[in-house]
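Engineer:
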Amino acid sequence: MRDRLTSIDPAAVAELETTDDTPDHSLPPLPNIEEYEQVRMRLAPNPNAPYHLGHARMPAVIGTYKERYDGWMLCRFDDTDPETKRPDLAAYDQILEDVAFLGFEPDEVLIASDRLELYYDHARTVIDAGGAYTCSCPAGEFSELKAAGEACPHRDTPIDTVNKEFEEMVEGVVSSGERVLRIRSELGHDNPAVRDWVAFRMVDTPHPRDEAKSYRCWPLLDFQSAIDDHLTAVTHIIRGIDLQDSAKRQRYVYDYLDWTYPEVVHWGRVKVDEYDVPLSASSIRELIEAGSLAGWDDPRAPTIASLRRRGIRGEAITAAMVELGTSTSSAELSMSWIYSNNRDLIDTEAPRVFLVREGRPFDLEGATSPAKVPVHPDHDDRGVRRLDPRDGVLLEPADVPALGESVWLKGLGCVVRGEDDILSLTDDGIEVVRDGSVDVIHWVPQGDTQPVELRRPTGTVTGLAEAGLSSHGTDTMVQFERIGFARIDEQTEQTVAYFAHR
RNA sequence: GCUCCGUUGGUGUAGUCCGGCCAAUCAUUUCGGCCUUUCGAGCCGAUGACCUGGGUUCAAAUCCCAGACGGAGCACCA
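In our numbering, the protein residues as written are 942 to 1443.
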C-alpha cells in the first residue's frame, strides 16, 4: 500500500509521515479542556520539608501540561497545620528552587497561612447556608457515631449558636480538641470518609511564620483547598490518589456556595527502586536527625537536592516523571530511566578521567614516553591527557592480571605481569584486544596523582586519579572511565566527587 | 468492617471509551553483534506481557459476569 503510494505520489507519503499520529507528549490529554479559556492548575506543596523524588511528580506533570496548553500554574503552600505537619521556614524557598531545578516557574505563589480571614469568611457563608455546625464531641466518640451513621447531638445546633461558637474559635478562646466546625454532608453516605467531616479545628501551637503566629483556628486541607481552588479559578486539579475522596467531601462546600467543582485527575502511588531510604519526608528527617544521613542532599537520600548534587539534571527527572504518566495504579519508577536520560544530557560534555580505587603499585619496564589518552573519545579537538608511566603505575585490584597474563593499559599498550610486581610492555598490537584475549583497563601513573573521595549512594570510596583531575572546576561532570559519571563537588588538595551513575 | 480505584513483558507506557488493521507500541533494563585502544554513546539484533475463570460474538487486551491480587480513603495530617 505504502509502496504503491510512494510510486504514485511521494509527497503524500512524506506528509503522512510528518502529520503522523506520533504524539508530542506522552501525557494523556487533560479532560474537557475545550470548556475553559485557559487551563489553570496548582501545585500544592506542604512546606514541611524539602522535596523528595515523589514530590517531583507534581511540578513535572503539571508544568508539562502548562507548557502544552499554554496554561497557568500556581504554587500554593498548604501550610495550615502548625503542629503535626509543622512548616519548615526554609522549605518554602527550597521547594521553589526544586521546582525551578525541575524546569518550571510558577505564574503565582500563594501561602495559605496568609489567607485565614478568607477561609473564615467563607466558613461564615457556609454556616449561614446551614452547611456547617460546631461540634464538641471527642474525636473518638464522633468516629463511632460516624461509623454507625448516627448524628451527634450538635448536629441540630441553631445557626445563631453555630455562628457564635465559630466566632469564639476564630477569636481563639477555645482550646485544641474542644471544638471543631463540621461540614454537614450525609450521615447515610455509603462512604464513611465523606460523612460530616471537619473543616476547622483549634491548634494551640503557634504557626512558625510571623504573619500567622497569632491564629489558633485552622482550616483543614479539604476546606482550605476547596476555597482556594475556586478563588484562584483552578480548572484542573491534578494530585495523588490519596486525595481521591477529597473531591467527594469538597463538593458539599461547593454546593453550599453554589460553585462548580474543577476537573480532577488522580495518579497512583510511586515507589522508587535502588533506595533503602523510604520516600517519606518524615523518615528522611529522622535519619538525618539520627545522623544516619549527612543531610537532605546526602547521596543516599532520595531527595531532589541529593540528585542535584550528584549531577542529575532536573530535565532527566522531569522526563521520567512525565513518562510515568497519570495512571491511578501504583507504579515503580526505575532510577535507570532517570540515569539513562541524564547520560544523554551529559555524555558529550563530560571529560574522561582515570581513577584507580585502592590502587596496587607496579613497576613498568619498556615504556619510553608518556601515554596519550583523549580527553573525550568523540571530540579530538579537546586534546589529550599525557600520563607518564615510567615511574610505575597503579592498578585497581580487580584488574590486576595473574602472573604471566597480559592486560592492555589504555593509551599505552599491552603489558605482561612478571615476578616481583613488574609489568613489561610487549610488542603486541591492538589485535589482541580485538580478538578478545586481552582486557583493556585504566591506570594512573605513580607519583603524579590527585586524591579523590567518591561519595556514592552505596557508600564512599577513595582512590587516586590522574593529576589532571584537579584542573576541572566545581560542578563539572566527569566520567571516571569504567566507573561512571560523577559531579565534582569540592576541589582542594583532594577532590570530592558525587557519583551520578554508570 | 465500609467506600472508591486499579491489574498489558523486570520496569514504565500505547492500545481499552467506539471489538476486527494487536501473533500488541515505544522507552528502559538484561543479553548478543558491529564499531570504538576503556566505559559510555551510536547502529543492528534477541529475550520478554494482555491477572484468572466463565459468557456474548464470525471475531475480545478491548464488552458483560464472577473471582483473585494490589492500591487508596474512612484523622481535630497534608
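Backbone N, C-alpha and C fix where the C-beta goes; we use that ideal spot for every residue, glycine too.
(1) Assuming the contact rule is C-beta atoms closer than 8 Å, Glu1119 and Met1143 should be a hit. Round their C-beta distance to whole Å, please.
(2) Since Trp1159 sits in a beta bridge, which residues does DSSP pair it with?
(3) So, do the region 1065–1080 and the region 1109–1128 have three or more beta carbon pairs nearer to each other than 8 Å?
(4) For Gly1354, name the three-state secondary structure that DSSP assigns.
(5) At what residues does the beta strand (DSSP E) containing Phe1042 begin and finish?
(6) Need the endpoints of the beta strand (DSSP E) that Thr1436 sits in, please.
(7) Look up Ala1408 in the DSSP assignment and say whether it is helix, strand or coil.
(8) Rank Pro1243, Val1206, Glu1230, Thr1201 by C-alpha distance to the C-alpha of Ser1221 and give the top, closest one.
(9) To the nearest angstrom, how far is it from the Cα of Thr1005 to the Cα of Ala1427?
(10) Going by C-alpha to C-alpha distance, which of Thr1267, Pro1023, Thr1401 sits closest to Ser1117?
(11) Within its chain, find whatever has a CB closer than 8 Å to the CB of Pro1292; leave out the 5 residues flanking it on each side and keep chain order.
(12) How is Trp1278 classed by DSSP in three states: helix, strand or coil?
(13) Consult DSSP for Leu1336 and reduce its assignment to one of helix, strand or coil.
(14) Do the CB positions of Ser1411 and Gln1391 come within less than 9 Å of each other?
(15) Which one of Val1175, Met999, Leu1128, Ser1365 has the shortest CA to CA distance from Gly1044?
(16) What's the C-alpha gap between Leu1015 and Glu1204?
(17) Output needed for Gly1090: all residues of its chain with C-beta closer than 6 Å, excluding positions within five of it in sequence on either side, in chain order.
(18) I need the straight-line Cα distance from His1383 to Glu1230, nearest angstrom please.
(19) Opposite Trp1013 in the DSSP bridges: which residues?
(20) Please report how far the alpha carbon of Asp1019 lies from the alpha carbon of Ser1054, in whole angstroms.
(21) Can you tell me the Cα-Cα spacing of Ala1140 and Asp1151, whole angstroms?
(22) CB-CB under 6 Å to Asp935, same chain, minus the five flanking residues each way: which ones, in chain order?
(23) Specify the secondary structure class of Val1316 as computed by DSSP and reduced to three states.
(24) Per DSSP, Arg1396 is paired with what?
(25) So, using beta-carbon positions, are Ser1271 and Val1211 closer together than 9 Å?
(26) Quick one: grab the DSSP three-state call for Asp1285.
(27) How long is the line joining the alpha carbons of Ser1347 and Gly1377, rounded to whole angstroms?
(28) Name the one or two DSSP bridge partners that His993 has.
(29) Check for me: the alpha helix (DSSP H) holding Gly1081 runs from which residue to which?
(30) Do Leu1353 and Arg1301 come within 9 Å of each other at the CB atom, strictly closer than that value?
(31) For Val1437 and Leu1248, I'd like the C-alpha separation in whole angstroms.
(32) Helix, strand or coil for Lys1007 per DSSP?
(33) With a threshold of 16 other CB atoms inside 10 Å of the CB of Glu1082, please say whether the residue is buried or exposed.
(34) Got a sec? Which residues, its chain only, sit under 8 Å from Pro1047 by beta carbon, not counting five neighbours each side?
Structural biologist: According to the data block:
(1) By one-based count along the first sequence, residue 1119 stands at place 178. By one-based count along the first sequence, residue 1143 stands at place 202. Taking C-beta atoms under 8 Å as the contact rule, Glu1119 and Met1143 qualify, at a distance of about 6 Å.
(2) Counting from one through the first sequence, the residue named residue 1159 turns up at place 218. DSSP lists Arg1142 as partners of Trp1159.
(3) Three or more beta-carbon pairs drawn from the region 1065–1080 and the region 1109–1128 are found closer than 8 Å, and the two stretches are therefore classed as touching.
(4) Walking along the first sequence from the start, residue 1354 turns up at place 413. In the structure shown, Gly1354 sits in a strand (DSSP, three-state: E or B).
(5) Taking the first residue of the first sequence as 1, we reach residue 1042 at position 101. Premise fails: Phe1042 lies in the alpha helix (DSSP H), 1032–1042, not in any beta strand (DSSP E).
(6) In the first sequence, counting from the first residue as 1, residue 1436 sits at position 495. Unbroken beta strand (DSSP E) run through Thr1436: 1436–1442.
(7) By one-based count along the first sequence, residue 1408 stands at place 467. The answer is helix: DSSP assigns Ala1408 an H, G or I state.
(8) Position 280 of the first sequence holds residue 1221. Among Pro1243, Val1206, Glu1230, Thr1201, the Cα nearest to that of Ser1221 belongs to Pro1243.
(9) Taking the first sequence and counting its residues from 1, one reaches residue 1005 at position 64. Taking the first sequence and counting its residues from 1, one reaches residue 1427 at position 486. Answer to the nearest angstrom: the Cα atoms are 28 Å apart.
(10) Start at 1 with the first residue of the first sequence, and residue 1117 comes out as number 176. Taking only the C-alpha atoms, the option nearest Ser1117 is Pro1023.
(11) Along the first sequence, read from residue 1 onward, the residue named residue 1292 stands at position 351. Around Pro1292: Val1316, His1317, Arg1323, His1413, Thr1417, Val1419, Gln1420.
(12) Position 337 of the first sequence holds residue 1278. In the structure shown, Trp1278 sits in a helix (DSSP, three-state: H, G or I).
(13) Residue numbering aside, residue 1336 sits at position 395 when the first sequence is read from its first letter. Here Leu1336 sits in strand by DSSP.
(14) Your numbering for residue 1411 matches position 470 in the first sequence. Your numbering for residue 1391 matches position 450 in the first sequence. Against a cut-off of 9 Å, the Cβ pair of Gln1391 and Ser1411 comes out as a contact.
(15) Along the first sequence, one-based indexing puts residue 1044 at 103. Taking each of Val1175, Met999, Leu1128, Ser1365 in turn and checking the Cα distance to Gly1044, the smallest one comes out for Met999.
(16) Taking the first sequence and counting its residues from 1, the one referred to as residue 1015 is at position 74. Taking the first sequence and counting its residues from 1, the one referred to as residue 1204 is at position 263. Cα-Cα distance, rounded: 16 Å.
(17) Here the question's residue 1090 lines up with position 149 in the first sequence. Result list for Gly1090: Leu1128, Gly1129, in chain order.
(18) Your numbering for residue 1383 matches position 442 in the first sequence. Your numbering for residue 1230 matches position 289 in the first sequence. About 40 Å.
(19) For the purposes of this step, residue 1013 is taken as residue 72 along the first sequence, with counting starting at 1. Paired residue(s): Arg981.
(20) Position 78 of the first sequence holds residue 1019. Position 113 of the first sequence holds residue 1054. Distance between the alpha carbons of Asp1019 and Ser1054: 8 Å.
(21) Reading the first sequence from its first residue, position 199 is the one you call residue 1140. Reading the first sequence from its first residue, position 210 is the one you call residue 1151. Going by the C-alpha atoms only, they are around 23 Å apart.
(22) Within the shown structure, residues of the chain are numbered from 942 to 1443, placing residue 935 beyond reach of any answer.
(23) Here residue 1316 is taken as the residue at index 375 of the first sequence, counted from 1. In this structure, Val1316 counts as coil in the three-state DSSP scheme.
(24) By one-based count along the first sequence, residue 1396 stands at place 455. According to DSSP, which records beta bridges pairwise, Arg1396 is partnered with Thr1401, Tyr1439.
(25) Along the first sequence, one-based indexing puts residue 1271 at 330. Along the first sequence, one-based indexing puts residue 1211 at 270. Yes, they are a contact pair.
(26) Counting from one through the first sequence, the residue named residue 1285 turns up at place 344. Asp1285 falls in the helix class under three-state DSSP.
(27) Working through the first sequence from its first residue, we reach residue 1347 at position 406. Working through the first sequence from its first residue, we reach residue 1377 at position 436. Computed Cα separation, rounded: 12 Å.
(28) Sequence index remark: in the first sequence, residue 993 carries index 52 (1-based). Note: His993 sits in a beta bridge opposite Thr1244.
(29) Taking the first residue of the first sequence as position 1, residue 1081 is located at position 140. That run of the alpha helix (DSSP H) goes 1080–1089.
(30) For the purposes of this step, residue 1301 is taken as the residue at position 360 of the first sequence. For the purposes of this step, residue 1353 is taken as the residue at position 412 of the first sequence. No, the Cβ-Cβ distance between Arg1301 and Leu1353 is not below 9 Å.
(31) Residue numbering aside, residue 1437 sits at position 496 when the first sequence is read from its first letter. Residue numbering aside, residue 1248 sits at position 307 when the first sequence is read from its first letter. Their backbone Cα atoms lie some 16 Å apart in a straight line.
(32) As a working mapping, residue 1007 is identified with position 66 in the first sequence. In the structure shown, Lys1007 sits in a helix (DSSP, three-state: H, G or I).
(33) One-based indexing of the first sequence puts residue 1082 at position 141. A residue is called buried when at least 16 other Cβ atoms come within 10 angstroms of its Cβ; Glu1082 does not meet this threshold and is exposed.
(34) Along the first sequence, read from residue 1 onward, the residue named residue 1047 stands at position 106. Cβ neighbours of Pro1047 beyond the five flanking positions: Leu984, Met1014, Leu1015, Cys1016, Leu1037, Val1040.
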